[in-house]
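Chemist: Chains A and B are the protein sequences, given in the same order.
Each residue of the first sequence is one higher than the last, beginning at 103 in my numbering.
Each residue of the second sequence is one higher than the last, beginning at 6 in my numbering.
No residue lacks a Cβ here, since even glycine has one placed at the ideal position from N, Cα and C.
I'd like to ask some things about the structure below.
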Amino acid sequence: MAVRAAAARRRLPSLKTSVIAAAAYVVAVIFLLPYLEMLITSVRPSSELYGRDYLPHHFAWSNLTNMWGSAFGILSSVRVSLEIAGGATLLVLLVALPAAYYTSRRRFRGRAAFLLLVLATQMLQPTALIVGIYKEFLSFGLLNINPVWSLILVNAGFNLAFAIWILNAYVGSIPVELEEAAMVDGNGRLGALFRVTLPLAMPGLVTALIFTFISAWNEFISALTLTTSSSDYPLTVRLDSFIGQYTVDWQHLFGASVVATIPVFILFALIEGRVVGGLTAGSVK
Amino acid sequence: MSDVAMTEVPPVEPAATAPPPRRTAGRRRLARLEPLIWLGPAIALIAVVVIWPIVAMVQTSFRNITPLGIDVGSAGLSNFTQVFQNPNLPGILVRTVIWVAAVVAITMVLSLGLAQLFNQRFPGRRYARWAIIAPWAASVMMTALIFRWMLQPDNGVVYVFLHQLGIVPTFNVSQPDWLGEPDAALACMIAVAVFVSLPFTTYVLLAGLQSIPGELYEAGRVDGASRWYAYRRITLPLLRPAFAVAAVINLMNVFNSFPIIWEMTRGGPGYETSTSTVFMYDLKGTFVGQAAAMSIVNFTLVVVIVLVFLRLNRWNRQEAY
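Here it is in structure tokens:
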């Protein structure tokens, strides 16, 4: 096998493959260029911020350390964003897992109605309901306590459908007999769920959790609507508030964007092949 | 807890069959409640985050609420009539149609090509596919901000590049830039919206392409079909379900799109670059009742758009066969 692989490596790609590869690489670079500009701007020295060169004459790497100063509020916003995204992810795990497991394993009255309800929530977005969400949390008084709790609820709610679809598919692909065998071996149903089903459904679970984390981390309109005090701003709302300033602090704005974006790229690359299934499963069924 | 589950469901019993017969009445009632134990948290979350807001939105649309947030009584239908009489509304609706139609159409066409390209075998395909997910993974508002920066009239890289090509003759801060001109700004924002919609759409179509059995193409080749003929007769018809799903999801996403317009122009000058979603959000700042009324109009519009699209799609499919 090693010999064959070596032979394949020695063979040069055909002209057609080369043209296709070149076209694909050009497309790939175009997709990355805006984020490259984000990175370049984040290390522009303020004297060259408005320069017309593609690259500054020298790089102010210190921007990336200065931006954590308390004047910019970026550090506190990263903390808030982590709380919201982490909380929403945990809540989705606790809520979606039992629902997905049960709907996948059992046929019962109301199952179709429940799945339709889930599909309906996937069709809606926070934007479509934002006035209602705002009025609701205002009347609950939750906004006066800490908007983080409201945002955890909203983000968990709007990512629930994705998690249920993907977990449903993964649990459904695991033979019931495996669970039964585990129960014969002396595990209860929950024991079988945790020792057999969950480990096998792990790729689906990880996909659901990462996807929820990323969506909540990136979410903008509910956060913009439900946070009023600057100390509660998550990162997206913080960056939006930069734009309102008399002089926009572009280099720090994009420094924070780079910090917010790189981990998300890596996480998304991990689940890239499985995301489409969760986003389209409901509409196909 | 697991022991209780054990006694209730004998281990040899296949999980999907009816509960065993010998049970007390209390136990049977408990069994009927069993789905609620598993689904209850999900239903509760959906109730709090989706159903309650819908109710609150409908209620608010009939209330007279001052800009300071004080409810001064019923408004009847006046929130709706005021929204409909707003002189900006016709322009906003026309722009919304252009925005949705242009973004979705351009995205779908470009994605067809991209999916075809990234479905080919070539060295480094994995990394190239990773690169194109960037706008999907990144926050849309941050992507919109970087485009706003790249379109700065005096130093944005887009102008710098076009200046080098000789298309933009001079840099001039005193002239309105593209984002300051409503038509040009809308075109720029449509481009950004297409950019962020492409990865998802391409991936859905890629999944569709991969589900087409290769034997079909071999059979076509044996029958002497040209590549273009095979594409039209095999690929496109079999891609239709994936295409329809991607189009419907894009229709809803683009209609509800907020961060791009908000970060690049705030919907201004005036409402001249607002879509109905941005208009609704702007109303929320002053007249919550009218914003709620506008939300309900938007809601209805989305449902109508999706139904029309699905109908068109079904009609198309019947035409094709």
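Pull the bridge partners of I70 (chain B) from the DSSP assignment, please.
Modeler: As a first step, residue 70 (chain B) must be located in the second sequence, where it is residue number 65. Bridge partners of I70 (chain B): B:D76.
Chemist: Rounded to a whole number of angstroms, what is the C-alpha to C-alpha distance between V350 (chain A) and W154 (chain B)?
Modeler: In the first sequence, counting from the first residue as 1, residue 350 (chain A) sits at position 248. In the second sequence, counting from the first residue as 1, residue 154 (chain B) sits at position 149. Computed Cα separation, rounded: 10 angstroms.
Chemist: Give the interface partners of W154 (chain B) over in chain A, defined as CB-CB distance under 7 angstroms, in chain order.
Modeler: Locating residue 154 (chain B) in the second sequence gives position 149, counting from the first residue. Within chain A, the residues near W154 (chain B) are T143, W352.
Chemist: If the criterion is Cβ atoms closer than 8 angstroms, does the pair V298 (chain A) and S206 (chain A) meet it?
Modeler: Taking the first sequence and counting its residues from 1, the one referred to as residue 298 (chain A) is at position 196. Taking the first sequence and counting its residues from 1, the one referred to as residue 206 (chain A) is at position 104. No.
Chemist: Which parts of the region 112-161 of chain A are runs of the alpha helix (DSSP H), unbroken and 4 residues or longer, counting only runs that do not cross its ends?
Modeler: 117-144
Chemist: By the criterion of Cβ-Cβ separation under 7 angstroms, what are the contact partners of M147 (chain B) in chain A?
Modeler: Position 142 of the second sequence, counted from the first residue, corresponds to residue 147 (chain B). Chain A residues near M147 (chain B): L341, S359, A362, T363.
Chemist: So F304 (chain B) contacts chain A; which residues on that side make the cut at Cβ distance below 7 angstroms?
Modeler: Walking along the second sequence from the start, residue 304 (chain B) turns up at place 299. Those are A230, listed as they occur along chain A.
Chemist: At the 8 angstroms Cβ level, is M62 (chain B) part of the contact set with chain A, yes or no?
Modeler: In the second sequence, counting from the first residue as 1, residue 62 (chain B) sits at position 57. Chain A, which has a Cβ nearer than 8 angstroms to the Cβ of M62 (chain B), makes this yes.
Chemist: In whole angstroms, what separates the C-alpha of Y127 (chain A) from that of L243 (chain B)?
Modeler: Sequence index remark: in the first sequence, residue 127 (chain A) carries index 25 (1-based). Sequence index remark: in the second sequence, residue 243 (chain B) carries index 238 (1-based). Cα to Cα, Y127 (chain A) sits roughly 28 angstroms from L243 (chain B).
Chemist: Within the 8 angstroms Cβ cut-off, does Y276 (chain B) reach chain D?
Modeler: Although the question refers to chain D, the structure presented lacks it and instead comprises the protein chains A and B.
Chemist: Tell me whether I276 (chain A) sits in a helix, a strand or coil according to DSSP, three-state version.
Modeler: To locate residue 276 (chain A), count along the first sequence from 1; it is residue 174. Of the three classes helix, strand and coil, the one that applies to I276 (chain A) here is coil, per DSSP.
Chemist: Would you mind working out which of A:L292, A:A325, A:I247, A:S172 sits nearest V256 (chain A), comparing C-alpha positions?
Modeler: Walking along the first sequence from the start, residue 256 (chain A) turns up at place 154. Out of A:L292, A:A325, A:I247, A:S172, A:A325 has the C-alpha closest to the C-alpha of V256 (chain A).
Chemist: In three-state terms, what does DSSP make of V386 (chain A)?
Modeler: Indexing the first sequence from 1 puts residue 386 (chain A) at position 284. For V386 (chain A), the pLDDT reaches just 45, beneath the cut-off of 50, and the residue's location in the model is therefore unreliable, leaving the point undetermined.
Chemist: Among A:M169, A:E150, A:R154, A:L117, which one has its Cα closest to the Cα of H160 (chain A)?
Modeler: In the first sequence, counting from the first residue as 1, residue 160 (chain A) sits at position 58. If we check each option's Cα against that of H160 (chain A), A:E150 comes out closest.
Chemist: Spell out whether any CB of chain B is found under 8 angstroms from the CB atom of G234 (chain A).
Modeler: If you number the first sequence from 1, residue 234 (chain A) lands on position 132. So yes, G234 (chain A) belongs to the interface.
Chemist: Assign Q64 (chain B) to one of two classes, buried (16 or more other C-beta atoms within 10 Å of its C-beta) or exposed (fewer than that).
Modeler: Position 59 of the second sequence holds residue 64 (chain B). That one is exposed.
Chemist: Thinking C-beta only, is L203 (chain B) closer than 8 angstroms to C193 (chain B)?
Modeler: As a working note, residue 193 (chain B) is residue 188 in the second sequence. As a working note, residue 203 (chain B) is residue 198 in the second sequence. No.
Chemist: Sort A:L269, A:I254, A:Y137 by Cα distance to A310 (chain A) and report the nearest one.
Modeler: As a position in the first sequence, residue 310 (chain A) is number 208, starting the count at 1. For A310 (chain A), the nearest C-alpha among the options comes from A:L269.
Chemist: Is the number of C-beta pairs between the region 227-244 of chain B and the region 136-148 of chain B that are closer than 8 angstroms three or more?
Modeler: no
Chemist: Does DSSP put N91 (chain B) in a helix, a strand or coil?
Modeler: As a first step, residue 91 (chain B) must be located in the second sequence, where it is residue number 86. Reduced to three states, the DSSP call for N91 (chain B) is coil.
Chemist: Examine chain B for any beta-carbon lying closer than 8 angstroms to the beta-carbon of T314 (chain A), and answer yes or no.
Modeler: For the purposes of this step, residue 314 (chain A) is taken as the residue at position 212 of the first sequence. By this cut-off, T314 (chain A) is not an interface position.
Chemist: According to DSSP, is W135 (chain B) part of a helix, a strand, or is it coil?
Modeler: Residue 135 (chain B) sits at position 130 when you count from the first residue of the second sequence. Helix.
Chemist: If the cut is a Cβ gap below 8 angstroms, which residues of chain B does A125 (chain A) touch?
Modeler: For the purposes of this step, residue 125 (chain A) is taken as residue 23 along the first sequence, with counting starting at 1. Within chain B, the residues near A125 (chain A) are L122.
Chemist: If P336 (chain A) sits next to I186 (chain A), beta carbons under 8 angstroms apart, how far is it from one beta carbon to the other, in whole angstroms?
Modeler: Translated into the one-based positions of the first sequence, residue 336 (chain A) becomes position 234. Translated into the one-based positions of the first sequence, residue 186 (chain A) becomes position 84. Sure, about 6 angstroms apart at Cβ, within 8 angstroms.
Chemist: Ignore the nearest five residues each way along the sequence and tell me which others in P58 (chain B)'s own chain have a CB closer than 6 angstroms to its CB.
Modeler: Locating residue 58 (chain B) in the second sequence gives position 53, counting from the first residue. There are no such residues.
Chemist: Rounded to whole angstroms, how far is the Cβ of I265 (chain B) from the Cβ of F356 (chain A), which I believe are closer than 8 angstroms?
Modeler: As a position in the second sequence, residue 265 (chain B) is number 260, starting the count at 1. As a position in the first sequence, residue 356 (chain A) is number 254, starting the count at 1. Wrong, their Cβ atoms sit about 17 angstroms apart, outside the cutoff.
Chemist: Go to W267 (chain B), then tell me how far its alpha helix (DSSP H) extends in each direction, as first and last residue.
Modeler: Locating residue 267 (chain B) in the second sequence gives position 262, counting from the first residue. Counting along the chain, the alpha helix (DSSP H) containing W267 (chain B) begins and ends at 264-269.
Chemist: Label A49 (chain B) either buried or exposed according to how many other C-beta atoms from any shown protein chain fall within 10 Å of its C-beta, with 16 as the threshold for buried.
Modeler: Taking the first residue of the second sequence as 1, we reach residue 49 (chain B) at position 44. By the neighbour-count definition (other C-beta atoms within 10 Å, threshold 16), A49 (chain B) is an exposed residue.
Chemist: Which one of A:G175, A:I176, A:G153, A:I142 has the shortest CA to CA distance from W163 (chain A)?
Modeler: By one-based count along the first sequence, residue 163 (chain A) stands at place 61. Comparing Cα positions, the closest option is A:I142.
Chemist: Closest Cβ-Cβ distance between I276 (chain A) and chain B: below 8 angstroms?
Modeler: As a first step, residue 276 (chain A) is located in the first sequence; it is residue number 174 there, counting from the start. Chain B contact via Cβ: absent.
Chemist: Mind checking if R297 (chain A) is an interface residue toward chain B, Cβ cutoff 8 angstroms exclusive?
Modeler: Looking up residue 297 (chain A) in the first sequence gives position 195. Not one chain B Cβ lies under 8 angstroms of R297 (chain A).
Chemist: Just mark K82 (chain A) as buried or exposed, buried being the case when its beta carbon has 16 or more other beta carbons within 10 Å.
Modeler: Coverage of chain A is limited to positions 103 through 387, which leaves residue 82 (chain A) absent and any answer about it impossible.
Chemist: State the CB to CB distance for the pair F315 (chain A) and G380 (chain A), rounded to an integer number of angstroms; the pair is presumed to be in contact (CB under 8 angstroms).
Modeler: Taking the first sequence and counting its residues from 1, one reaches residue 315 (chain A) at position 213. Taking the first sequence and counting its residues from 1, one reaches residue 380 (chain A) at position 278. The pair is not a contact, with the Cβ atoms about 14 angstroms apart (cut-off 8 angstroms).
Chemist: Looking at the C-beta of P58 (chain B), does it have a partner C-beta in chain A at a distance below 8 angstroms?
Modeler: The residue labelled residue 58 (chain B) in the question sits at position 53 within the second sequence. P58 (chain B) counts as touching chain A.
Chemist: Along chain B, in chain order, which residues have C-beta atoms closer than 8 angstroms to that of L255 (chain A)?
Modeler: Along the first sequence, read from residue 1 onward, the residue named residue 255 (chain A) stands at position 153. The answer, in chain order, is L50, V53, V54.
Chemist: What does I345 (chain A) reach in chain B if we use C-beta pairs closer than 9 angstroms?
Modeler: In the first sequence, the residue the question calls residue 345 (chain A) occupies position 243. Chain B residues near I345 (chain A): L150, R153, E268, R271.
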